[in-house]
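If you read the protein sequences in the order shown, they are chains E and B. Residue numbering for the first sequence follows the working numbering, starting at 111 and increasing by one per position. Residue numbering for the second sequence follows the working numbering, starting at 269 and increasing by one per position. Don't be surprised by glycine CBs; every beta carbon is placed ideally from N, CA and C. These numbers were taken from a predicted model, which means no experiment stands behind them. This report refers to the structure that appears directly beneath it.
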Amino acid sequence: DTGVSQDPRHKITKRGQNVTFRCDPISEHNRLYWYRQTLGQGPEFLTYFQNEAQLEKSRLLSDRFSAERPKGSFSTLEIQRTEQGDSAMYLCASSLQVASGRTDTQYFGPGTRLTVL
Amino acid sequence: QKEVEQNSGPLSVPEGAIASLNCTYSDRGSQSFFWYRQYSGKSPELIMFIYSNGDKEDGRFTAQLNKASQYVSLLIRDSQPSDSATYLCAVNIWVPNFGNEKLTFGTGTRLTIIP
Chain E
111 DTGVSQDPRH KITKRGQNVT FRCDPISEHN RLYWYRQTLG QGPEFLTYFQ NEAQLEKSRL
171 LSDRFSAERP KGSFSTLEIQ RTEQGDSAMY LCASSLQVAS GRTDTQYFGP GTRLTVL
Chain B
269 QKEVEQNSGP LSVPEGAIAS LNCTYSDRGS QSFFWYRQYS GKSPELIMFI YSNGDKEDGR
329 FTAQLNKASQ YVSLLIRDSQ PSDSATYLCA VNIWVPNFGN EKLTFGTGTR LTIIP
């Protein structure tokens, strides 16, 4: 399977703990996105990378959140001092930017479901 | 006003009928429009995308875009029980020289196909 993969698929943690999620994009894709989805809502954009550069961060991404893509391949999303409001599905997507002025299709991974107790 | 609006449903359609899903968006700079299907507990799966005004067909699915009315729709012909899912409309706003290509999603329409 050469799709986007995410690990872990489920994470249960206690309030105040730190958690880290990993995303492996489709191998030739240069863009990687993180979204968060809560029940009954559509995914909300958090941040994205082109290669190793983090190009945009949403206002949703508080100081407790940090994302990296150190070698332009896989990415990690860390949440420090988790709160119950962080409980959500964290989705990673990747795309291939091939031409200026065109939008490239984003393909989503299976997501990591976080539950903060 | 939400950037992308969808009727949350649920929308119930008899098996074999046409399901029509609608989406409106507020930013006239929007350039690309996507329909994703999401089964309960799963991640979004791309169904179709459309860039130009008019219709685009792919199998049983037809996407329709009207930029003047800021409206995009998805038609599903010969609906099957396996089409029962939440359908997410997503809009992409590309900024020249910046390349801001995040997707903005609606809340989704829950579709149920009745056998």
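**Report entry** According to DSSP, residues forming a beta bridge with E/A198
**Finding:** Under DSSP, E/A198 forms a beta bridge with E/L224.
Query - Local conformation of B/S350 per DSSP, three classes - result: It is helical.
Query raised in the report: What are the residues of the segment 311-324 of chain B that lie near chain E, defined by any Cβ-Cβ distance shorter than 8 Å?
Result: If you check each beta-carbon in the segment 311-324 of chain B against every beta-carbon of chain E, the ones closer than 8 Å belong to S311, P312, E313, L314, F317, Y319.
Query raised in the report: Cβ of E/G152 less than 8 Å from any chain B Cβ?
Result: Chain B contact via Cβ: present.
Query - Of the listed residues B/W303, B/P312, B/K270, B/S276, nearest to B/S294 (C-alpha basis) - result: The shortest Cα separation from B/S294 among B/W303, B/P312, B/K270, B/S276 belongs to B/K270.
Query - Three-state class that DSSP yields for B/A331 in the structure shown - result: Reduced to three states, the DSSP call for B/A331 is strand.
Requested in this report: Use the C-beta contact count for B/G374: other C-beta atoms within 10 angstroms, 16 or more gives buried, fewer gives exposed.
Outcome: Counting Cβ neighbours within 10 Å, B/G374 comes out buried, since at least 16 surround it.
Query raised in the report: Going by the CB atoms, is the gap between B/Y355 and B/R384 shorter than 8 Å?
Result: Outside the displayed range of chain B (269 to 383) lies residue 384 of chain B, so it cannot be described from this structure.
Query raised in the report: When the cut-off is 8 Å and only beta carbons count, does B/L279 lie next to chain E?
Result: No, B/L279 lies away from the interface with chain E (no Cβ there is under 8 Å from its Cβ).
Report task. Report back the beta-carbon spacing between E/H120 and E/S205 to the nearest angstrom; my notes put them in contact at under 8 Å. Result -> Your pair E/H120 and E/S205 does not check out as a contact, with CB atoms roughly 26 Å apart and the cut at 8 Å.
Query raised in the report: Terminal residues of the continuous beta strand (DSSP E) containing E/F175?
Result: Counting along the chain, the unbroken beta strand (DSSP E) around E/F175 starts and ends at 175-178.
Requested in this report: Output the distance between the C-alpha atoms of E/Q235 and E/A203, rounded to the nearest integer angstrom.
Outcome: With chain E running from 111 to 227 in the structure shown, residue 235 of chain E is simply not present.
**Report entry** Backbone secondary structure at E/T215 - three-state DSSP
**Finding:** Judged by DSSP in its simplified three-state form, E/T215 adopts coil rather than helix or strand.
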